[in-house]
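In the order they appear, the protein sequences are chains A and B.
Residue 72 in our numbering is what sits at position 66 of the first sequence, and the numbering runs on without skipping anything.
Residue 77 in our numbering is what sits at position 71 of the second sequence, and the numbering runs on without skipping anything.
Note that the Cβ used here is the ideal one computed from N, Cα and C, for glycine as well.
All remarks here apply to the structure that follows.
Number of protein chains: 2
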Amino acid sequence: VREDTDQAILAATRELVVEQGVRKLTVEAVAKRSGVAKTTIYRRYRSKNDLALAVLLRMVEEVVQVPDLGDTRAELTAFVGNTVRILGSTLMGRVMQGLSSYVSTDPELAVPFREKVVGRRLAEVERLVGLGIKRGDLPPGTDAALVHEMLFGPVYYRLLLSGQPLNEQLAGRIVDAALDGLAA
Amino acid sequence: VREDTDQAILAATRELVVEQGVRKLTVEAVAKRSGVAKTTIYRRYRSKNDLALAVLLRMVEEVVQVPDLGDTRAELTAFVGNTVRILGSTLMGRVMQGLSSYVSTDPELAVPFREKVVGRRLAEVERLVGLGIKRGDLPPGTDAALVHEMLFGPVYYRLLLSGQPLNEQLAGRIVDAALDGLAA
Numbered sequence: 007v008r009e010d011t012d013q014a015i016l017a018a019t020r021e022l023v024v025e026q027g028v029r030k031l032t033v034e035a036v037a038k039r040s041g042v043a044k045t046t047i048y049r050r051y052r053s054k055n056d057l058a059l060a061v062l063l064r065m066v067e068e069v070v071q072v073p074d075l076g077d078t079r080a081e082l083t084a085f086v087g088n089t090v091r092i093l094g095s096t097l098m099g100r101v102m103q104g105l106s107s108y109v110s111t112d113p114e115l116a117v118p119f120r121e122k123v124v125g126r127r128l129a130e131v132e133r134l135v136g137l138g139i140k141r142g143d144l145p146p147g148t149d150a151a152l153v154h155e156m157l158f159g160p161v162y163y164r165l166l167l168s169g170q171p172l173n174e175q176l177a178g179r180i181v182d183a184a185l186d187g188l189a190a
Numbered sequence: 007v008r009e010d011t012d013q014a015i016l017a018a019t020r021e022l023v024v025e026q027g028v029r030k031l032t033v034e035a036v037a038k039r040s041g042v043a044k045t046t047i048y049r050r051y052r053s054k055n056d057l058a059l060a061v062l063l064r065m066v067e068e069v070v071q072v073p074d075l076g077d078t079r080a081e082l083t084a085f086v087g088n089t090v091r092i093l094g095s096t097l098m099g100r101v102m103q104g105l106s107s108y109v110s111t112d113p114e115l116a117v118p119f120r121e122k123v124v125g126r127r128l129a130e131v132e133r134l135v136g137l138g139i140k141r142g143d144l145p146p147g148t149d150a151a152l153v154h155e156m157l158f159g160p161v162y163y164r165l166l167l168s169g170q171p172l173n174e175q176l177a178g179r180i181v182d183a184a185l186d187g188l189a190a
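Quick look at the structure:
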């Protein structure tokens, strides 16, 4: 039953974020939509931003590991492409936009976000870079943390700042530029 | 006098953002601190976020053009380094963190921000890339918009998402990776 209640709370949050974004979300509205008492929601979630983060973290859990494609460029492109697609065409982009000011200024949101979103993504890049070095696709000593920032930074720059589109070609262009260099 | 009033409003906003961040800023507090009536402030600024954006835009105007250093790598490193320094050690970083959710979701903030911050930065990268192509530092046809995203995306990824430090070495590492390529 506890899990059912949580499902109802998060489903309602998801719907409301789709309809009006994180900024206009209220715990009041989540209570009304889910049929769960406000006091019950507040026992589990500190604020509406906590609720939005919980929705975001559930979506991240569904993001699969990149399969072995035998080629590091293809694997990195698949990984970045997956993020571009999710941020560009699902609720996750809107949630990220609405939460970015909070994950950067509120430690109670920053800590779980960095651990479960940024940290997990870095771990997957580390795995792919390790594989790439073994295969000879990347030089020994390639800095996975830098690769991670060079590949995902431009995606979030579009989502949060420039407003440029998150389209299908983007991942390939970023990965090619990062691997081959712009001065080459 | 009109200009004096504006100076007072923006100085108070700046001080309050330094003390407590954009999230806790209120027009009420700006009125109290500046001695300017709330109604007068609202005649000029739609909201507290509008005030924070005005502070941000004033700071951007102070960011100087990159001088001719005779070498594109040095020029790009100086440009990115300047942004890293400003975001990492002045009020501007905090204002950007506090505003990122709004510039990505509220058109009334997105339009001036993209024009005056993102657009201006892109124009300067275009100028530097043009110079670099002329000098032979960059291949003809180098995509300045992509250079812009590859260089500044990782900086904002740190500021807004990963929380990794904006330190002195960062600009050089990003520019080297972007120009030379990670697979080189």
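(message) If we define contact as Cβ-Cβ less than 8 Å, is B/Val23 a contact residue for chain A?
(response) no
(request) With 8 Å as the threshold, decide whether the Cβ of B/Gly159 is near any Cβ in chain A. (result) Among the residues facing chain A, B/Gly159 is included, as its CB has a counterpart in that chain under 8 Å away.
(request) Would you kindly work out how many angstroms separate the C-alpha atoms of B/Val22 and B/Arg39, rounded to a whole number? (result) Just to set this straight, residue 22 of chain B is Leu in the shown sequence, not Val. Near 8 Å, if we compare the C-alpha coordinates of B/Arg39 and B/Leu22.
(request) With distances taken Cα to Cα, identify the nearest neighbour of B/Gly94 among B/Leu185, B/Ala14, B/Arg164, B/Leu57. (result) B/Arg164
(request) Could you tell me if A/Thr19 is buried or exposed, where buried requires 16 or more neighbouring beta carbons within 10 angstroms of its beta carbon? (result) When all chains shown are included, A/Thr19 counts as buried.
(message) Relative to the C-alpha of A/Tyr48, which candidate in A/Leu63, A/Thr32, A/Leu166 has its C-alpha closest?
(response) A/Thr32
(request) Please specify which runs of the alpha helix (DSSP H), each continuous and at least 4 residues long, are wholly inside the stretch 95-146 of chain A, giving them in chain order. (result) Taking 4 residues as the minimum length, the alpha helix (DSSP H) runs contained wholly in the stretch 95-146 of chain A are 97-109, 113-119, 125-141, in order along the chain.
(request) State the Cα-Cα distance for the pair A/Leu137 and A/Met156, rounded to the nearest angstrom. (result) 18 Å
(request) Count the other CB atoms, across all protein chains shown, that sit within 10 Å of the CB of B/Pro171; report buried if there are 16 or more and exposed otherwise. (result) The Cβ neighbour count for B/Pro171, taken over all protein chains shown within 10 Å, is under 16; the residue is labelled exposed.
(message) Taking contact to mean 3 or more Cβ pairs, one atom from each stretch, closer than 8 Å, check whether the stretch 145-153 of chain B and the stretch 137-151 of chain A are in contact.
(response) no
(request) Flag this pair as touching only if the stretch 66-84 of chain A and the stretch 56-72 of chain B have three or more C-beta atom pairs under 8 Å; answer yes or no. (result) no
(message) Taking the beta carbon of A/Gln103 as the centre, do at least 16 other beta carbons fall within 10 Å, making it buried, or is it exposed?
(response) buried
(message) Let's test the definition: count the other Cβ atoms within 10 Å of the Cβ of A/Gly87 and tell me whether it reaches 16, buried, or not, exposed.
(response) With 16 or more other Cβ atoms within 10 Å, it is buried.
(request) Establish whether the CB of B/Gln103 and some CB of chain A are separated by less than 8 Å. (result) Put simply, the CB of B/Gln103 is near chain A, with a gap under 8 Å to one of its CB atoms.
(message) Is it the case that the stretch 122-141 of chain A contacts the stretch 111-131 of chain B, given that we only count it when at least three CB pairs across the two stretches are under 8 Å?
(response) no
(message) Suppose you measure from the CA of B/Ile180 to the CA of B/Pro160; what does that come to, to the nearest Å?
(response) Looking at the two C-alpha atoms, the distance is approximately 8 Å.
(message) Only counting the same chain, and skipping five residues up and downstream in sequence, which positions put a Cβ closer than 8 Å to that of B/Phe158?
(response) The answer, listed in chain order, is Val86, Thr89, Arg127.
(request) Using three-state DSSP, classify A/Tyr51 as helix, strand or coil. (result) coil
(request) Give a yes or no on whether the C-beta atoms belonging to B/Gly187 and A/Gly27 are separated by under 8 Å. (result) no
(request) Determine the chain A residues that contact B/Gly199 at a beta-carbon separation under 7 Å, and present them in chain order. (result) Since the displayed chain B opens at 7 and closes at 190, residue 199 of chain B lies outside it and no answer follows.
(request) Return the first residue and the last residue of the alpha helix (DSSP H) that B/Val42 is part of. (result) Neither: B/Val42 is in no alpha helix (DSSP H) and is coded neither H nor E.
(request) Would you mind telling me which residues of chain A sit closer than 7 Å to B/Glu121, beta carbon to beta carbon, in chain order? (result) Under the 7 Å cutoff, chain A gives no residues; its nearest Cβ is about 11 Å from B/Glu121.
(request) Taking only the alpha-carbon atoms, compute the straight-line gap between B/Ala116 and B/Leu59 and give it to the nearest angstrom. (result) If I take the Cα positions, the gap works out to 10 Å.
(request) Just the C-alpha distance for B/Ala190 and B/Thr83, rounded to the nearest angstrom, thanks. (result) 20 Å
(request) Output the boundary residues of the alpha helix (DSSP H) element that contains A/Asp74. (result) Run containing A/Asp74: none; DSSP gives neither H nor E here.
(request) Measure the CB-CB distance between B/Gly41 and B/Ala17 and report whether it falls below 8 Å. (result) no
(request) With DSSP as the reference, label A/Pro171 as helix, strand or coil. (result) coil
(request) Report yes if the C-beta distance between B/Ser107 and A/Ser106 is below 8 Å; otherwise report no. (result) yes
(message) Can you find the residues in the same chain that come closer than 8 Å, C-beta to C-beta, to B/Ala43, ignoring five residues on each side of it along the sequence?
(response) Ala37
(message) Just to make sure I have the definition right: I need the residues of chain A whose C-beta is within less than 7 Å of the C-beta of B/Arg179. Which are they?
(response) Simply Leu152.
(message) Any C-beta of chain B within less than 9 Å: which residues of the stretch 26-37 of chain A qualify?
(response) Gly27, Val28, Arg29
(request) Check the Cβ-Cβ distances between B/Ala183 and every residue of chain A, and say whether any is below 8 Å. (result) Taking Cβ atoms only, chain A reaches closer than 8 Å to B/Ala183, which makes this a yes.
(request) Say whether chain A places a C-beta atom closer than 8 Å to the C-beta of B/Met65. (result) no
(request) Keeping to the same chain, check which residues put their C-beta closer than 8 Å to that of B/Ser110; ignore five residues upstream and five downstream. (result) Ala116
(message) Spatial neighbours of B/Leu166 within its chain, please: C-beta separation below 6 Å, excluding the five flanking residues on both sides.
(response) Ser106
(request) Anything in chain A within Cβ reach of B/Thr111, meaning under 7 Å, just list it in chain order. (result) Gly27, Arg29, Gln103, Gly104
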